[in-house]
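This report refers to the structure that appears directly beneath it.
Numbering (UniProt numbering), first residue to last: 1 to 194.
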């Protein structure tokens with residue numbers, strides 16, 4: 001017999017105690033400032049699923065599109081959040097071809113109608129974060145190069161030998177260091193100064 005779960009109270013929905021959105025500043029392995037406030041991702045996923053039933057991968061791509069490719073949520077954040085929404089009976093998942101397709105429940109639609117103002121706030125925060133992540137001073141040529149890099153890494157999926165991992169890691173780390181170090185200046189070295 002399945003246990004009946006009531007939809008979460010709004011305070012519980014975004015209380016930040018689920019471990020998914022807790023990222024104060026930079027943590028080891030973190031990518032910088034947090035993109036979503038506590039509860040934002042859950043509400044956004046619920047709204048996207050209410051618009052059209054879809055798979056977790058589709059949701060990742062939709063959110064990446066909302067950020068113009070400047071941010072892509074990891075599966076390690078999306079799928080546990082979908083599990084939370086499903087256990088809260090706000091969405092239901094049907095397995096088709098080994099992949100779950102999620103749809104909103106009546107309880108999920110009711111919750112969304114109660115949270116319309118909060119959802120507007122989430123969309124506003126996404127717009128602000130998108131501008132911040134994209135960097136208004138980044139030239140279109142650089143934006144295109146970053147897009148090409150992301151695409152190259154996605155195409156490489158599943159073909160990571162230990163040697164290739166080290167090669168790509170070194171390429172990316174050296175490139176990042178060269179960007180941070182800035183252009184080489186024509187400063188005299190200490191040997192030339194003598």
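Where a beta carbon is used, it is the ideal one built from N, C-alpha and C, also for glycine.
For the beta strand (DSSP E) containing residue i, name the first residue and the last one.
i, result
"residue 92", "91-96"
Please classify residue i: does DSSP put it in a helix, a strand, or coil?
i, result
"residue 156", "coil"
"residue 76", "helix"
"residue 139", "coil"
"residue 53", "coil"
"residue 111", "helix"
"residue 116", "helix"
"residue 70", "coil"
"residue 84", "helix"
"residue 38", "coil"
"residue 161", "coil"
Output the boundary residues of the alpha helix (DSSP H) element that contains residue i.
i, result
"residue 102", "Residue 102 -> not in any alpha helix (DSSP H); beta strand (DSSP E) instead, spanning 99-104."
"residue 57", "56-66"
"residue 183", "Neither: residue 183 is in no alpha helix (DSSP H) and is coded neither H nor E."
In chain order, what residues of the same chain have a beta carbon less than 6 Å from the beta carbon of residue i, not counting five sequence neighbours either side?
i, result
"residue 99", "55"
"residue 108", "46, 90 and 91"
"residue 64", "72"
Note down the Cα distance separating residue i from residue j, rounded to an integer number of angstroms.
i, j, result
"residue 195", "residue 104", "Since the first residue shown for the chain is 1 and the last is 194, residue 195 is missing from the structure and cannot be characterised."
"residue 168", "residue 116", "44 Å"
"residue 166", "residue 86", "39 Å"
"residue 25", "residue 132", "In this prediction, residue 25 has a pLDDT of 34, which is less than 50 and means its spatial position is unreliable; what the coordinates show is noted afterwards. Rounded to whole angstroms, residue 25 to residue 132 spans 15 Å at the Cα level."
"residue 110", "residue 50", "11 Å"
"residue 73", "residue 48", "14 Å"
"residue 174", "residue 83", "38 Å"
"residue 106", "residue 66", "26 Å"
"residue 139", "residue 176", "17 Å"
Which same chain residues end up closer than 7 Å to residue i when comparing Cβ atoms and leaving out the 5 residues on each side of it in sequence?
i, result
"residue 81", "20, 41, 42 and 45"
"residue 118", "43"
"residue 35", "71 and 129"
Check whether the Cβ of residue i lies closer than 8 Å to any Cβ atom in chain D.
i, result
"residue 59", "Among the protein chains of the structure shown there is no chain D, as only one such chain exists."
Leaving out five residues before and five after residue i in sequence, what residues of the same chain have Cβ atoms less than 8 Å from its Cβ?
i, result
"residue 79", "56"
"residue 125", "36, 37 and 40"
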